[in-house]
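Participant: I have a structure here, written as structure tokens, and I will follow up with some questions on it.
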Amino acid sequence: MVSPLDPHSPDAHHIATLWWWMLVVAGIVFGGAVAMLVIGWLRRDRPGLPFLGESERANTTLVVAFGMAIPIVILVALFIVSDLVLMQETDAPRASETTMTVTVVGHQWWWEVRYGNSRAATANEIHIPARTHVRLVARSADVIHSFWVPELNRKIDMIPGQSNSIELYAEEAGVYRGQCAEFCGLQHAHMAFRVYAEPPAGFREWLAHQEQPGTEPAGAEARRGQRLFMENACASCHTIAGTEARGTVGPDLTHLASRNMLAAESIENTPQELFRWIQNPQSIKPGDKMPGLGLGPARFHAIVAYLTELR
Amino acid sequence: MEAAAPPASRTRTERLGRIWEEPPGVLGWVTTVDHKRIGILYFFTAIAFFFAGGVEAMLIRTQLIGPNQATLDPATFNEVMTMHGVTMIFFFVIPLSLGAFGNYLLPLMIGARDMAFPRLNAFSYWVYLCAGAFIYVGLFSGNAPSAGWFDYVPLASKTFSPGPGIDFYALGLLFVGISTTAGAINVIVTIFKLRAPGMSLNRMPLFCFAFLAVSFALVFALPALNTALILLELERLLGMHFFAPAFGGYPILWQNLFWIFGHPEVYIIILPAFGIATSIIPTFTRRRMVAFPLVALAEILVAFLGFGVWAHHMFAVGLATATTVYFAAASLVIVIPSGIQLFSWVTTIITGTPRFKTPLLWIVGFIVLFIIGGLSGVMFAAIPFDQQTTDTYFVVAHFHYVIFGAAVFPLLGGMFYWFPKVSGRMYNERWGQASFWLTFVATNITFFPMHLLGLAGMPRRDYTYPAHLGWSGYNLIETLGAYLLGLGLLSVAANLIVSLFRGEPAGEDPWGGDTLEWSTSSPPPEYNYAVIPTVSSPYAMWDREDREADEANLEAGRRTLEAGHETPAGTVVDGEWDEVLEMPSKSAWPPLTALAISAIFAMVILQLWLSAAIATAVLLLVLAAWHGREPEEA
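What follows is the structure in structure tokens.
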């Protein structure tokens, strides 16, 4: 499901193949060593080696052969294959090798996603065109996180003050789960995301839509929700393009309703769950930076009505 | 032996007994400088911390028994997870191996009457105890560290961890580092200078080579950790900046400093276990180790090469490719000395005539677990694979196979092996073997599924996980395995505790042991050996003529040093008789010094700077008193 052994990109395929080869060789080595121990048990009353008898020279030769000679051959092969050849595939891509750049910034505990020079911004959802070489730039806004989509590529740490990059390439359209891999505090466990790989045309359409400002609320309830959003602390942390909400502490909510999940994959994005989340975020993600504002159910319902229109 | 001893010998042993006697009761234990008593103190303290770390492990596993559990809230989980690592590594494994096994056995194995610096030795113990108490005061006052045992910044900085938990961590590790450094220096000097005259380095048991290598590694590795901790505290307590990029700092600096210590640390944890294996295997296979010089060399090489591989903990950090490739190559090279040792153990077992008693069973179990942990370790030198599986349960599986399987199993085997020597009684053999099998099976049930869990994509250090990702089954099995593992370890403890009171008398040498400690009584007298043993090979107990020479020497009063509180010192390499050392005796200054240091750390964490200065002044006074001349002892 989210396994590195279920690869959906050339890089992930390489790594998975490397694993299976290493497993085979490791299995042979393990089997051989355990077989030697079993021989030791079977011959517990007989001194000396089978066939070779009691010769210190033969004993030492055995140690040198199994402890040095054979390992050197295996290790050199492993080094060449994995660290000289494969490394080049999974290494950070050069700018010329990719056709677009997506920047992901790790926050405690969510993912901010920006698309090239586009104004579009998402949170905890990364949309990419399928069968396209995407350069993923990983940064951090606070502590160290690690960006990892096991089915698509290796992981890359997000270090404050540093820009790292890897390639994201999905062989087919699909949804791929990712999760923070470097311990980053209280809600490290609830810092997941999804990569949505879409056919390139669909992706371009999606991106064009995401660049639009937030929809103006239609109904009275939603308009009241918008007013409440702007008057309360919501607007100081979140941005909704086209409004006066320009906070940058929390996720951009311009198209919140278009997302499938909330709170970095913690809950489904339904009106009920959204209500539960904004009313008391600490009960869902204890320690999260989002405070419960204590506005009372009626006002929260209005805010939910507004947010669910932000498609 | 005593009963049959001729009068001259008995007079000498009685005189030595009077010279080396320590006061009885609690006071005797507090002021002791006897390496065996200090070893026993270390042992029980380390076991207490093992218990604490074990309880923490059970809490972690209980929280993870199923998806979306709430046994622990995330804050508590992070504290428990951090304390589990800190406790097991800094307050259990190293003190147990270096402090308990090293202290008790090294002087015996080299034919000395004590460690080179007996009071420094006592001081090391008391500092260790106080440092452990210090960090657990943090836990029980609700201020446990929670940034993981490697404590990465910026998470561990004041901004993201404002409470004093991280200060308890940093100061506690600096504190215990004093103990470890002093202990390591003591071991080095003891091994270099106090070997029985005649024990040149090539006649020294492999156990001692392992501990020598470990001690050197500690002396050179700890400064990097201490530097990192001091920088962190300068940031946290005094507002300086070393790690925050906003102030020109560099967060990776912490990782480099920490792992420059942290990787040698892995070999520091595992090498004593190798040393124990090289003691138990010859005794129970009734033959000398195959390729002795290669093994001795490999033990030292492992400790040395361990300093050149640290960045393999940082392959996902985004280091330059050339850097990662270099560290991957170095990490592969270190496989060779491990391979030599592994196949030396295996070949010795094949060519010998092994008796699979409890101690050897633990060693065979250790070999199997070490192969698994070693093979998964080699995989991490394949950089792309490392970058895929690091920070997942695959790495958790790997290092538990190495640290629990390969380091703790030999320590458990060593407990059974030397139990008769230390207690004078035999443990229950059938019970011991049953405990081994229970623990061995439970270890694999607990840790093997972690490989699969990592390959199924579960990151480490998550306090919970969702139900739909296929992780629940593995986690459930691991938790049940952990409970079983707890039972296995309790059954080991029960066997040893019951045997302490009811075991059959063991005699001097129940195993036909290979090294010198088996030549003295069980438990050994305060002075260890009435005669400084004659040694002509690393398997001194199997040199019958030398042991007969000892008895003749005792009768004739040669090499007995019965004029005072004395032990001989030899030259470093050849072990030729150099001089006779007057050894210090009981003293209250080491525990008092440890208390004064505790006061300093307590005042620093409370940020009471004036009181800290006063405590420092008190420490200086205590040190002055310690080093002032004392009245001659009777």
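Top line first, the protein sequences correspond to chains A and B.
Everything in the first sequence is counted per this note's numbering, starting at 1 for the first residue and increasing by one.
Everything in the second sequence is counted per this note's numbering, starting at 312 for the first residue and increasing by one.
Ideal Cβ placement from N, Cα and C applies to all residues, glycine included.
1. Ends of the alpha helix (DSSP H) at His-709/B?
2. If you count every other CB in all the chains shown that lies within 10 Å of the CB of Thr-871/B, and 16 or more means buried, which is it?
3. Is the Cβ-Cβ distance between Asp-252/A and Trp-109/A less than 8 Å?
4. What are the partner residues of Ala-121/A, as DSSP defines its beta bridges?
5. To the nearest angstrom, report how far apart Ile-284/A and Ala-778/B are at their CA atoms.
6. Short of 6 Å in beta carbon distance, which residues of its chain neighbour Phe-691/B, apart from the five on each side in sequence? Order them along the chain.
7. So, helix, strand or coil for Val-102/A, using DSSP?
8. Select from Glu-367/B, Ala-423/B, Met-914/B, Val-404/B the residue whose C-alpha is nearest the C-alpha of Glu-877/B.
9. Please confirm whether Gly-676/B has its beta-carbon closer than 8 Å to some beta-carbon of chain A.
10. So, does the CB of Gln-187/A fall closer than 8 Å to a CB anywhere in chain B?
11. With DSSP as the reference, label Leu-892/B as helix, strand or coil.
12. On the DSSP bridge list, what partners appear for Gln-108/A?
13. Can you tell me whether Glu-313/B is buried or exposed? The criterion is at least 16 other CB atoms within 10 Å of its CB, across all chains shown.
14. Chain B partners of Pro-10/A, CB-CB under 9 Å?
15. Less than 8 Å between the C-beta atoms of Ile-694/B and Met-87/A, yes or no?
16. Along the chain, where does the beta strand (DSSP E) that runs through Pro-879/B open and close?
17. Please list the residues of the region 652-664 of chain B that have a C-beta atom closer than 9 Å to any C-beta atom in chain A, keeping them in chain order.
18. Is there a C-beta anywhere in chain B that falls below 8 Å from the one on Gly-161/A?
19. Looking at the structure shown, is Glu-859/B part of a helix, part of a strand, or coil, going by DSSP?
20. For Phe-705/B, which of Leu-798/B, Arg-323/B, Phe-759/B has the nearest alpha-carbon?
21. So with CB distances below 8 Å, who are the chain A contacts of Arg-736/B?
22. Distance cutoff 8 Å, beta carbons only. Does Ala-758/B sit that close to anything in chain A?
23. Listed from N- to C-terminal order along the chain, which residues in the region 760-787 of chain B have their beta-carbon within a distance smaller than 7 Å of any beta-carbon of chain A?
24. May I have the straight-line CA-CA distance separating Met-392/B from Ala-368/B, to the nearest angstrom?
25. For chain A, is any of its Cβ atoms less than 8 Å away from the one on Pro-257/B?
26. Do you know offhand how far Leu-680/B's Cα is from Gln-918/B's?
27. Examine chain A for any beta-carbon lying closer than 8 Å to the beta-carbon of Pro-465/B, and answer yes or no.
28. Between the alpha carbons of Pro-4/A and Pro-217/A, how many angstroms are there, rounded?
29. Taking all protein chains shown into account, do 16 or more other C-beta atoms lie within 10 angstroms of the C-beta of Leu-807/B, making it buried, or fewer, making it exposed?
30. What are the boundary residues of the beta strand (DSSP E) that Phe-147/A is part of?
31. Does any C-beta atom of chain B lie closer than 8 Å to the C-beta of His-13/A?
32. Using a Cβ-Cβ cutoff of 9 Å, what residues of the region 74-90 of chain A are near chain B? List them in chain order.
33. Are the C-beta of Met-68/A and some C-beta of chain B separated by less than 8 Å?
34. Just confirm the distance between the C-beta atoms of Leu-523/B and Leu-827/B, as a whole number of angstroms; I'd bet it's less than 8 Å.
35. Does Gly-629/B get closer than 8 Å to chain A when you measure Cβ to Cβ?
36. Assuming Phe-615/B is part of the alpha helix (DSSP H), what are its boundary residues?
Facilitator: Reading it off the structure:
1. Position 398 of the second sequence, counted from the first residue, corresponds to residue 709/B. Counting along the chain, the alpha helix (DSSP H) containing His-709/B begins and ends at 704-711.
2. Numbered from 1 along the second sequence, position 560 holds the residue referred to as residue 871/B. Label assigned to Thr-871/B: buried.
3. Translated into positions along the first sequence, residue 252/A becomes position 252. Translated into positions along the first sequence, residue 109/A becomes position 109. It is not a contact, given that the beta carbons lie outside the stated cut-off.
4. For this step, residue 121/A is matched to residue 121 along the first sequence. Looking at the DSSP output, Ala-121/A bridges to Arg-114/A.
5. Translated into positions along the first sequence, residue 284/A becomes position 284. Translated into positions along the second sequence, residue 778/B becomes position 467. Taking the straight line from one Cα to the other gives about 16 Å.
6. Numbered from its first residue, the second sequence carries residue 691/B at position 380. Excluding the 5 residues flanking it on each side, Phe-691/B has same chain C-beta neighbours closer than 6 Å at Asp-697, in chain order.
7. For the purposes of this step, residue 102/A is taken as residue 102 along the first sequence, with counting starting at 1. Three-state result, Val-102/A: strand.
8. In the second sequence, the residue the question calls residue 877/B occupies position 566. Glu-877/B has its Cα closest to that of Ala-423/B, out of Glu-367/B, Ala-423/B, Met-914/B, Val-404/B.
9. Here the question's residue 676/B lines up with position 365 in the second sequence. Contact of Gly-676/B with chain A is not assigned, every C-beta pair being separated by 8 Å or more.
10. For the purposes of this step, residue 187/A is taken as residue 187 along the first sequence, with counting starting at 1. Interface residue, yes.
11. On the second sequence, position 581 is the one that residue 892/B refers to. In the displayed model, Leu-892/B falls within a strand according to three-state DSSP.
12. The residue given as residue 108/A occupies position 108 in the first sequence. BP columns for Gln-108/A are empty, so no partner.
13. Here residue 313/B refers to the residue found at position 2 of the second sequence. Below a pLDDT of 50, predicted positions are generally treated as unreliable, and Glu-313/B, at 48, falls in that range; the measurement from the model is reported next regardless. It counts as exposed.
14. Residue numbering aside, residue 10/A sits at position 10 when the first sequence is read from its first letter. Those do not exist, as Pro-10/A stays about 12 Å from chain B at its closest Cβ, beyond 9 Å.
15. Residue numbering aside, residue 694/B sits at position 383 when the second sequence is read from its first letter. Residue numbering aside, residue 87/A sits at position 87 when the first sequence is read from its first letter. If you check the CB distance, Ile-694/B and Met-87/A come in under 8 Å.
16. The sequence position of residue 879/B within the second sequence is 568, counting from 1. Counting along the chain, the unbroken beta strand (DSSP E) around Pro-879/B starts and ends at 877-881.
17. The region 652-664 of chain B vs chain A, Cβ under 9 Å: Gln-652, Leu-653, Phe-654, Ser-655, Val-657, Thr-658, Thr-659, Ile-660, Ile-661, Thr-662, Gly-663, Thr-664.
18. Numbered from 1 along the first sequence, position 161 holds the residue referred to as residue 161/A. At least one CB of chain B lies nearer than 8 Å to the CB of Gly-161/A.
19. Within the second sequence, numbered from 1, the residue matching residue 859/B stands at position 548. Three-state result, Glu-859/B: helix.
20. Your numbering for residue 705/B matches position 394 in the second sequence. Residue nearest to Phe-705/B within the set Leu-798/B, Arg-323/B, Phe-759/B is Phe-759/B (criterion: CA-CA distance).
21. If you number the second sequence from 1, residue 736/B lands on position 425. Near Arg-736/B there are no residues of chain A at all, since even the closest Cβ is about 27 Å away, more than 8 Å.
22. Stepping through the second sequence from its first residue, residue 758/B is reached at position 447. One point to set straight first is that residue 758/B is Phe, not Ala, in the sequence displayed. So, not an interface residue.
23. Per Cβ criterion, the list reads Leu-766, Ala-767, Gly-768, Pro-770, Arg-772, Asp-773, Tyr-774, Thr-775, Tyr-776, Leu-780, Gly-781.
24. On the second sequence, position 81 is the one that residue 392/B refers to. On the second sequence, position 57 is the one that residue 368/B refers to. Annotation: Met-392/B to Ala-368/B spans about 8 Å, alpha carbon to alpha carbon.
25. Residue 257/B lies beyond the stretch modelled for chain B, which goes from 312 to 945, so this question has no answer here.
26. What you label residue 680/B is simply residue 369 of the second sequence in a count that begins at 1. What you label residue 918/B is simply residue 607 of the second sequence in a count that begins at 1. Roughly 46 Å separates the two Cα atoms.
27. Walking along the second sequence from the start, residue 465/B turns up at place 154. Cβ-Cβ to chain A under 8 Å: yes for Pro-465/B.
28. To locate residue 4/A, count along the first sequence from 1; it is residue 4. To locate residue 217/A, count along the first sequence from 1; it is residue 217. Distance between the alpha carbons of Pro-4/A and Pro-217/A: 43 Å.
29. Looking up residue 807/B in the second sequence gives position 496. Leu-807/B comes out buried.
30. Residue numbering aside, residue 147/A sits at position 147 when the first sequence is read from its first letter. Start and end: 145-147.
31. Taking the first sequence and counting its residues from 1, the one referred to as residue 13/A is at position 13. Put simply, the CB of His-13/A is far from chain B, with every gap to its CB atoms at 8 Å or more.
32. Closer than 9 Å at the C-beta level to chain B, one finds these residues of the region 74-90 of chain A: Ile-74, Leu-75, Val-76, Leu-78, Phe-79, Val-81, Ser-82, Asp-83, Leu-84, Leu-86, Met-87, Gln-88, Glu-89, Thr-90.
33. Translated into positions along the first sequence, residue 68/A becomes position 68. At least one chain B Cβ lies under 8 Å of Met-68/A.
34. Sequence index remark: in the second sequence, residue 523/B carries index 212 (1-based). Sequence index remark: in the second sequence, residue 827/B carries index 516 (1-based). About 16 Å; that fails the 8 Å criterion.
35. Against the second sequence, residue 629/B aligns to sequence position 318. True, the Cβ-Cβ gap to chain A drops below 8 Å.
36. As a working note, residue 615/B is residue 304 in the second sequence. Bounds of the alpha helix (DSSP H) holding Phe-615/B are 603-616.
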